[in-house]
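Trainee: In this text, residue positions in the sequence shown follow my numbering: the first is 1, and each later residue adds one.
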Amino acid sequence: MEDVKGKVAFITGGASGMGLGMARAFSAAGMKVMIGDIEQAPMDKAVAEINAAGGDSAGIKTDVTKLESVQAAAKATVEKFGKVHVICNNAGIGVGGQSENASMRNWQWVMDVNLWGVVYGLQAFVPLIMSHGEGGHVVNTASMAGMFGLRGAGPYNATKFAVVGITETMMAEHRGDNLGVSVLCPGLVATNIGDSGRNRDEAYGGPVEPNAKDKSKDMLAERGLNPDVVGNLVLEAIQDNQPYIFTDPSLRYLIERRTKFILEGYDWADKCKALEGIEPAGL
Ligand SMILES: NC(=O)c1ccc[n+]([C@@H]2O[C@H](COP(=O)([O-])OP(=O)(O)OC[C@H]3O[C@@H](n4cnc5c(N)ncnc54)[C@H](O)[C@@H]3O)[C@@H](O)[C@H]2O)c1
1 MEDVKGKVAF
11 ITGGASGMGL
21 GMARAFSAAG
31 MKVMIGDIEQ
41 APMDKAVAEI
51 NAAGGDSAGI
61 KTDVTKLESV
71 QAAAKATVEK
81 FGKVHVICNN
91 AGIGVGGQSE
101 NASMRNWQWV
111 MDVNLWGVVY
121 GLQAFVPLIM
131 SHGEGGHVVN
141 TASMAGMFGL
151 RGAGPYNATK
161 FAVVGITETM
171 MAEHRGDNLG
181 VSVLCPGLVA
191 TNIGDSGRNR
201 DEAYGGPVEP
211 NAKDKSKDML
221 AERGLNPDVV
231 GNLVLEAIQD
241 NQPYIFTDPS
251 LRYLIERRTK
261 FILEGYDWAD
271 KCKALEGIEP
281 AGL
């Protein structure tokens, strides 16, 4: 979608971090922006900032773990701006823990926000984007943790691999029509993700107090990319119809290393006894 001026974007988790970076970048390029976030006060602040800078934005409190909430946000977007062209399924939370011993509540929470939140965004917004014939774009926020296994983050990895899988399937399904599809796979970005526990609903055990011993927040603040840079990157990717959006070119080796390990599995299969003499079925 080269010409973004006047187009309408909906961004989940747009009150903070990369979602806010996208809102700022899209608005600076002349797009209308609807922010959907679970946090009212930062969302109001973001909308006020964008509009004070000459943008046209609004916010609607949205909980991406609830389909009805995301559907209501889609309805409100069309009521406010007439139509919608871009959906950024970006809201997400960080949860640590190994697959075998992370608490089931945290497993549920991270699946509900990071995976179901994306699915609900697709269900509520893609039919609306396809309905007006002007074309549009889907950006699903995954992570480098959707590209390789990150130690101590099994549940988070599960959600991000799923988001990559869903998005790659959509890339194939929409090749040749006027819906661009991208997956954003950030490396370290200096956002508030280290304080995700602030938004843990009572259904998952309630808010988590920041852990003073947790150094990951300091590390993100010190080494992470400015989220506004990611906003500009996502805008450029939409304009260029770029499917994979990576924020850190130095991490290319991780993809190469994973691919090498996978191909070694094929080398082994070529030689193994159980498959000897079997005609491959192909796909
Ligand atoms: N920061 C990083 O280093 C990094 C790296 C890779 C991927 N990501 C991903 O980037 C995305 C954006 O996160 P961020 O780093 O900007 O963090 P952030 O905490 O700054 O922003 C996340 C936003 O999502 C909102 N949110 C949380 N739960 C929600 C819910 N149930 N419904 C609606 N909104 C909700 C929060 O209120 C917040 O505004 C996430 O999907 C995250 O997994 C982050």
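Think of the CB as a built atom: it goes at the ideal place given N, C-alpha and C, for glycine as much as any other residue.
For E79, which of N157, L115 and V8 has the nearest alpha-carbon?
Mentor: Taking the first residue of the sequence shown as position 1, residue 79 is located at position 79. With distances taken between Cα atoms, E79 lies closest to V8.
Trainee: Compute every distance between the C-beta of D218 and the non-hydrogen atoms of ligand 1, then say whether any falls below 6 Å.
Mentor: Reading the sequence shown from its first residue, position 218 is the one you call residue 218. Not so, every heavy atom of ligand 1 lies at least 6 Å from the Cβ.
Trainee: In the DSSP assignment, find the unbroken alpha helix (DSSP H) run with V110 in it and report its ends.
Mentor: Locating residue 110 in the sequence shown gives position 110, where the first residue counts as 1. Its alpha helix (DSSP H) spans residues M104 to V110.
Trainee: For T12, does the three-state DSSP call read helix, strand or coil?
Mentor: Along the sequence shown, one-based indexing puts residue 12 at 12. Reduced to three states, the DSSP call for T12 is strand.
Trainee: Leaving out five residues on either side along the sequence, give the residues of the same chain with a beta carbon under 6 Å from the beta carbon of F161.
Mentor: Reading the sequence shown from its first residue, position 161 is the one you call residue 161. These residues qualify, in order along the chain: G146.
Trainee: Based on the DSSP secondary-structure assignment, which residues constitute the bridge partners of A58?
Mentor: Locating residue 58 in the sequence shown gives position 58, counting from the first residue. Answer by DSSP bridge pairing, in chain order: M34.
Trainee: For N157, I'd like the list of residues in its chain whose CB is within less than 7 Å of its CB, leaving aside the five on either flank, ordered along the chain.
Mentor: The residue you call residue 157 lines up with position 157 of the sequence shown. Excluding positions up to five away in sequence, the list reads A145, G149 and L150.
Trainee: Output needed for V47: all residues of its chain with C-beta closer than 8 Å, excluding positions within five of it in sequence on either side, in chain order.
Mentor: Looking up residue 47 in the sequence shown gives position 47. I35, S57, A58 and G59.
Trainee: Beta strand (DSSP E) containing V181: first to last residue?
Mentor: Here residue 181 corresponds to residue number 181 of the sequence shown, with the count starting at 1. That run of the beta strand (DSSP E) goes L179 to C185.
Trainee: Does the Cβ of L235 lie closer than 6 Å to at least one heavy atom of ligand 1?
Mentor: For the purposes of this step, residue 235 is taken as residue 235 along the sequence shown, with counting starting at 1. No - ligand 1 has no heavy atom lying nearer than 6 Å to the Cβ of L235.
Trainee: Nearest-angstrom Cα distance between V118 and G133?
Mentor: Taking the sequence shown and counting its residues from 1, the one referred to as residue 118 is at position 118. Taking the sequence shown and counting its residues from 1, the one referred to as residue 133 is at position 133. So the two alpha carbons sit approximately 23 Å from each other.
Trainee: I need the straight-line Cα distance from N51 to R105, nearest angstrom please.
Mentor: For the purposes of this step, residue 51 is taken as the residue at position 51 of the sequence shown. For the purposes of this step, residue 105 is taken as the residue at position 105 of the sequence shown. So the two alpha carbons sit approximately 38 Å from each other.
Trainee: Any heavy atom of ligand 1 closer than 6 Å to the CB of N157?
Mentor: Taking the first residue of the sequence shown as 1, we reach residue 157 at position 157. Outside the cutoff, so no.
Trainee: Is the Cβ-Cβ distance between V208 and R200 less than 7 Å?
Mentor: Stepping through the sequence shown from its first residue, residue 208 is reached at position 208. Stepping through the sequence shown from its first residue, residue 200 is reached at position 200. In this structure, R200 lies closer than 7 Å to V208 by Cβ.
Trainee: What does a CB cutoff of less than 8 Å around P155 pick up in its chain, not counting 5 residues either side in sequence?
Mentor: Translated into positions along the sequence shown, residue 155 becomes position 155. Closer than 8 Å at the Cβ level, and outside the excluded window around P155, lie V95, G97, S99, A102, N106, W107, V110 and M111.
Trainee: Using C-beta distances below 7 Å, list every residue in its chain close to R175, excluding the 5 sequence neighbours before and after it, in chain order.
Mentor: The residue you call residue 175 lines up with position 175 of the sequence shown. There are no such residues.
Trainee: Quick check: the Cα distance between A15 and G165, rounded to an integer number of angstroms?
Mentor: Taking the first residue of the sequence shown as position 1, residue 15 is located at position 15. Taking the first residue of the sequence shown as position 1, residue 165 is located at position 165. Straight-line Cα distance between these residues: approximately 26 Å.
Trainee: Need the endpoints of the beta strand (DSSP E) that G136 sits in, please.
Mentor: Indexing the sequence shown from 1 puts residue 136 at position 136. Start and end: G136 to T141.
Trainee: Alpha carbon to alpha carbon, how far is D44 from N232?
Mentor: To locate residue 44, count along the sequence shown from 1; it is residue 44. To locate residue 232, count along the sequence shown from 1; it is residue 232. If you take the alpha carbons of D44 and N232, they lie about 22 Å apart.
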